[in-house]
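S.K.:
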Amino acid sequence: MLQLIKLEIKKSNLGWYIKGALLANIILTAIMCFVIFLGQQEGDLPITSHQDVYIFIGALVRATFIVFASVLIAKIVIEEYKNKTILILFSYPISRKNIIASKLMLIALLTFITMIFSNAVVAGLFSIINAYFSIVPFEMTGNQFMGEFTNIVLFAIASAGMSLIPLYFGMRNHSVPATIGSSLIVVAIACSYNPAFSLITFIPLQLGLAAVGVAIAYFAIRNIEREDAI
């Protein structure tokens, strides 16, 4: 399985994903600074502790990379079905289940790693900017980040699971727009942020959506031998 994942990485040429993730981190930091500053000035977004900042970072990062995951699904899985290039892979003496499983594991793993990395980068950039411009009336420190790290990892695991939900919609008609469009619905549900009550911190919902994503991936792998790639 590990060898299949390595081959998929080479075949997929993921340089665009890495560059896109780095650019997204810069854009997310800029958006975050602007929204928090404006919210503080207007009184519409009360940020009173570093936990509030990390919730906001988590909302932005998870929303962004759930959509990124849907693009990966579209490129690595759906387009291969649509263009029938998946038939070439299925002609090899390798289990279809292992082929699809390696693709989905790569997508989930990339999403998980990118979310943790992006939380660290956005938090670091925001703390540096905040030190100079005092966007929030308290310091953001490395110790605070380490204190939040367990939550970041847990939510990244949940998000990696729910990022597989668009697979179901994309596989129905081998539709790239349906794959990416459904990820926006997932984001709207899972990444809703409100200071009073945020669905993004509602753990039962996050775990429930993660379970749905894992179930979709499981059934996609289990049924692959009986499905016609055409």
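So in my numbering, spot 41 of the sequence shown is number 973, and the numbers just go up one at a time. Positions of the beta carbon are idealized from the N, C-alpha and C atoms, including for glycine. As the structure is a computational prediction, the values presented were derived from the model and not from experiment.
Taking the alpha-carbon positions, what's the G1074 to L1004 distance?
M.R.: 32 angstroms
S.K.: For G1145, which option in V1053, F1101 and F1058 has the closest C-alpha, if you only look at C-alpha atoms?
M.R.: F1101
S.K.: Can you find at least 3 beta carbon pairs, one from the segment 1040–1057 and one from the segment 1019–1028, that sit closer than 8 angstroms?
M.R.: No contact exists between the segment 1040–1057 and the segment 1019–1028.
S.K.: Threshold first: 4 residues or longer. Then list the alpha helix (DSSP H) segments lying entirely within the segment 960–1011, N to C.
M.R.: 982–1005
S.K.: Relative to the C-alpha of L936, which candidate in L1036, T1082, A995 and P1069 has its C-alpha closest?
M.R.: L1036
S.K.: Would you call the CB atoms of S1091 and A1149 closer than 9 angstroms?
M.R.: No; because the gap between Cβ atoms is not below 9 angstroms, this pair is not in contact.
S.K.: For I1061, collect the residues of the same chain with a Cβ closer than 8 angstroms to its Cβ; drop the 5 residues on either side in sequence, then sort them by chain order.
M.R.: T961, C965 and I1067
S.K.: How about K1016 and V1108: are their beta carbons less than 9 angstroms apart?
M.R.: In this structure, the beta-carbon distance from K1016 to V1108 does not fall below 9 angstroms.
S.K.: Could you check whether S1023 and L939 sit closer than 9 angstroms to each other, using their CB atoms as the reference points?
M.R.: no
S.K.: What is the DSSP secondary structure of S1124, counted as helix, strand or coil?
M.R.: coil
S.K.: Return the residue from the list C1123, I1153 and R1154 that minimises the CA-CA distance to L1139.
M.R.: C1123
S.K.: Within a Cβ cutoff of 6 angstroms, which residues of the same chain sit near L1050, ignoring the five residues on either side of it in sequence?
M.R.: At residue 1050 the sequence reads Ser, which differs from the Leu that was named. These residues qualify, in order along the chain: N957 and V993.
S.K.: Cα-Cα, which of A1152, P1136, T996 and F1070 is closest to Q972?
M.R.: F1070
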